[in-house]
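Structure, as structure tokens:
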């Protein structure tokens with residue numbers, strides 16, 4: 050059985066760590082119904098192609114980001130998934146190009162790249178998303194990869210123009226960075 054996510058579905062996930070929204074941002078919604086998680090290990094031909102984008106700025110807890118990323122990778126190991134790893138602070142880097150997420154050496158190599166990250170600097174998720182998109186060409190043909198972002202959700206730097214110049218004070222949330 051070959052399970053691929055249809056190309057017409059475009060999915061982006063944003064995992065925030067410790068972000069508190071003001072009460073005015075809350076939306077009234079019915080309580081979600083919790084569905085059981087599927088057994089991904091039993092569905093080895095239904096893997097995901099995804100880029101994991103990690104915030105390595107000074108405002109996040111490095112141990113929390115690493116634990117979240119490694120837990121996510123552990124759950125998808127051996128499912129036929131392919132991952133690339135991008136991280137960002139003042140600027141972003143592609144820390145691992147598209148790698149089959151098989152148990153063993155490949156999983157260990159990706160997790161090692163996560164564990165080797167150093168944290169500090171500003172929050173430029175704009176450059177992180179640019180580098181994530183640039184990593185897509187290394188994935189197998191098919192639907193575009195998913196982008197999973199682990200951040201505290203507070204951008205304060207951004208790419209200002211086509212030449213890649215950075216802007217932003219780095220001292221507080223920037224509405225320009227959000228736009």
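Residue numbers (the numbering used here): 50 to 228. Glycine included, every Cβ here is placed at the ideal spot set by N, Cα and C.
In this structure, residue 147 lies near residue 133, with their beta-carbon atoms less than 8 Å apart. Beta-bridge annotation (DSSP): residue 149 is paired with 131. Looking at the DSSP output, residue 141 shares a beta bridge with 137.
Distance from residue 156 to residue 117 at the Cβ level is roughly 16 Å; contact not present, criterion being Cβ atoms closer than 8 Å. The three-state secondary structure of residue 166, taken from DSSP, is coil. A distance below 7 Å between beta-carbons, with the five flanking residues on each side excluded, links residue 193 to the following residues of its chain, in chain order: 185. At a Cβ-Cβ threshold of 8 Å, residue 164 and residue 141 do not count as neighbours. Taking every protein chain shown into account, the CB of residue 204 has 16 or more other CB atoms within 10 angstroms, so this residue is buried.
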